[in-house]
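Those letters in the sequence shown? Residues -28 to -1, 1 to 280, by mature numbering (1 follows the signal peptide of the UniProt record, and there is no 0). In this text, a Cβ means the ideal position worked out from N, Cα and C, and glycines have one as well. In this text, all values refer to a predicted model and were calculated from it rather than measured experimentally. Beneath this line is the structure, given in structure tokens, with notes to follow.
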Amino acid sequence: MRNTPGWRKTVCLFVATLVLVAGSPAHASPLSEAETVRVTIPAGDVELGATLYRPAGASGELPAIVTAHGSAATTRDGVGFYTNAALAMGFAVLSFDKRGTGESTGEYERFSVETSDRVFHDLAWDVAHSVQWLAGQDGIDETRIGLFGGSQAGWIMPLADSLLRENTEIEIGFIIIGEGVSVSAGAEAAHEAALMQSVGARDTITRTDMLTAEAAAIAFEGEPGFDPAPVLDDSDTPTLWFFGLSDGVIPVLPSIDLIGARIENGETHHTVHILPFGDHNFTNTVTGERYDIAAISRDWLVSIGVLE
């Protein structure tokens, strides 16, 4: 996944639905005090090593979140940022090792445009199986289960939601996508190639590099590979999208354009939240502090009735 900012007509197209925030430091970690249970989740042809976290001292039927991975070969610790944010909001959290990593069986596979549809379906099924397992656990409110993750997870989570709707009676209550994209795998690959060519041997990415890569993603007309559009067309799941305008990793503005067009066409279950100086790790590149993703997400979850 790669990036772009810069100003196109896109940002002002739906300014009423975009919230600009200056940002503040993130929550102190509640992870060290969380109650944890290590588990193994059957997921088709693989088994997923996972941990179920509950906020310290929590009782009753808890809302819950399954975290999803980016493109790297990460274990459950690699999604600790999302686990921590979800615990801070009062959720029970199920985080698993990506297939082929940690205690999960199977093989980790980097995707290409050609393999993206197959690879993403495998990863989405891993998320879907995790949701199914979580919904059956005591102390979990199965009517308030959501998905939370970033980068590549922006493709995977809506697809997992679709698989659950098509194959089970479980309904995902919400999706929170941090720095994910709504363009095709092909457009994202074009963005990455243009970015690498523009950056060359330099160690830093400039605005010119970002704009060059963004233009490549916008102009892309080749083989799309996995395209999230049909999945998003069939969904009405409330979805919060975070985008940072200093993110040098993904095609930001083309993604905002596509989600903005959906909002304008009446798909108001989408909400876009802009981090004006945010990079791919939710860090404010001006202050050096991380945006408080948990606080922003909590406000949104209250607005849609998931939290009080």
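Proximity to Gln104 across Glu141, Gly78, Ala189, Pro202 peaks at Glu141, based on C-alpha coordinates.
Rounded to whole angstroms, the Cβ separation of Asp69 and Thr39 is 11 Å, and the two are not in contact under 8 Å.
With respect to Thr243, Trp272 sits close: the two C-beta atoms are nearer than 8 Å.
Shortest Cα-Cα distance from Gly158 to any of Asp94, Ala185, Arg174, Gly111 involves Ala185. By the Cβ neighbour-count rule, Gly16 is exposed, with fewer than 16 other Cβ atoms within 10 Å of its own. By the neighbour-count criterion, in which 16 or more other beta carbons inside 10 Å mark a residue as buried, Asn56 falls on the buried side. Between the stretch 172 to 186 and the stretch 127 to 135, the count of Cβ pairs shorter than 8 Å is below three; the stretches do not touch. Here DSSP, grouped into helix, strand and coil, assigns Glu186 to helix.
The distance from the Cβ of Pro200 to that of Glu160 is about 10 Å, inconsistent with a contact at the 8 Å cut-off. The three-state secondary structure of Thr257, taken from DSSP, is coil.
Residue Ala64 holds the alpha-carbon nearest to the alpha-carbon of Asp110 among Ala64, Ser84, Val99, Glu81.
With 16 or more other CB atoms across the displayed protein chains lying within 10 angstroms of its CB, Asn256 is buried. The straight-line gap separating the alpha-carbon atoms of Ala266 and Ala36 is approximately 14 Å. In this structure, the CA atom of Thr8 is about 26 Å from the CA atom of Ser123. By the CB criterion at 8 Å, Gly216 and Asp264 fall outside the cutoff. Gly220 and Met182 do touch by the CB rule: their CB atoms are close to 6 Å apart, below 8 Å. Put simply, the backbone Cα of Gly277 is about 43 Å away from that of Met168. In the DSSP assignment, His245 falls within the beta strand (DSSP E) that extends over 242 to 247. By the Cβ-count criterion, Pro27 is buried, with 16 or more other Cβ atoms from all chains shown falling within 10 Å of its own Cβ. If you draw a straight line from the Cα of Ile148 to the Cα of Leu247, it comes to about 15 Å. Comparing alpha carbon positions, the residue from Pro196, Thr23, Glu75, Gly29 closest to Asp89 is Pro196.
Exposed is the label assigned to Arg82, since fewer than 16 other Cβ atoms lie within 10 Å of its Cβ. The straight-line gap separating the alpha-carbon atoms of Glu138 and Gly238 is approximately 23 Å. When C-alpha distances from Val11 are compared across Gly50, Glu75, Glu193, the shortest belongs to Glu75. Pairing Phe198 with Ser156 gives a Cβ-Cβ distance under 8 Å. About 19 Å separates the beta carbon of Phe92 from that of Gly118, a gap too long to meet the 8 Å contact definition. In the DSSP secondary-structure assignment, Pro14 is bridged to Glu19.
Counting only runs of 3 or more residues that sit fully inside the stretch 173 to 235, the beta strand (DSSP E) segments are 211 to 216, in chain order. Apart from sequence neighbours up to five positions away, the residues of its chain that approach Leu212 with a beta-carbon distance below 6 Å are Ile148, Thr243, Trp272, ordered along the chain. Val18 is the residue among Val274, Val18, Glu143, Glu164 whose C-alpha sits nearest the C-alpha of Gly78. Residue pairing of Ile117 in beta bridges, as defined by DSSP: Ala36. Spatial neighbours of Leu34 in its own chain (CB-CB distance under 7 Å, excluding positions within 5 residues in sequence) are listed in chain order as Arg26, Phe63, Ala64, Gly111, Ile112, Asp113.
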